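Okay, so the sequence shown: first residue is 5 according to my numbering, each after it adds one. Heads up, the beta-carbon is just placed ideally off N, CA and C, and yes, glycines get one too. Small disclaimer: the values here were computed from a predicted structure and weren't measured. In what follows, a structure is listed as structure tokens, so that the remarks can point back to it.
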Amino acid sequence: LEHMRIDAGTPVWGKELDETVLPAEAGLEATHISFTKGCYPGQEPVARLHHRGHPNRGLRVLELENAQPGDELIYEGKVIGRITSAVPGRALAYVRREVPEEARLHLSPKRP
């Protein structure tokens with residue numbers, strides 16, 4: 005089931021979702037957020053992001069071998085994201101939005 009969840013790009017609490025993640029970052033804004041209902045905790049930053057900007061990062065499905073949750077992603081010599089879930093050959097990660105979808109990403113070398 006984990007492989008299917010990652011392939012579908014479905015976030016889960018404790019891996020891709022926690023109190024620091026905005027719904028738009030996880031791709032949940034269109035399906036899980038109402039801008040016409042009453043007040044709720046966290047409404048202000050969610051509405052501000054929706055009406056004035058864009059998230060700095062987004063959840064992506066990546067084709068990567070040997071990825072582990074917590075691994076950093078490197079693009080053009082910079083850390084641009086972090087793996088949140090992984091199975092052989094696939095991973096979910098938050099990646100900075102300016103990184104092209106077709107970019108070739110690398111895992112940061114592991115520390116001993």
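A distance below 7 Å between beta-carbons, with the five flanking residues on each side excluded, links residue 97 to the following residues of its chain, in chain order: 64, 66, 77, 85, 86, 87 and 88.
Per the C-alpha coordinates, the member of 22, 72, 31 and 27 positioned closest to residue 12 is 31. For residue 10, the enclosing alpha helix (DSSP H) has its first and last residue at 6 to 12. Taken through DSSP and simplified to helix, strand or coil, residue 55 comes out as helix. In the structure shown, residue 91 falls within a strand segment according to DSSP collapsed to helix, strand and coil.
Under the criterion of beta carbons closer than 8 Å, residue 28 and residue 39 do not qualify as touching, at roughly 12 Å. DSSP, read as helix, strand or coil, puts residue 50 in helix.
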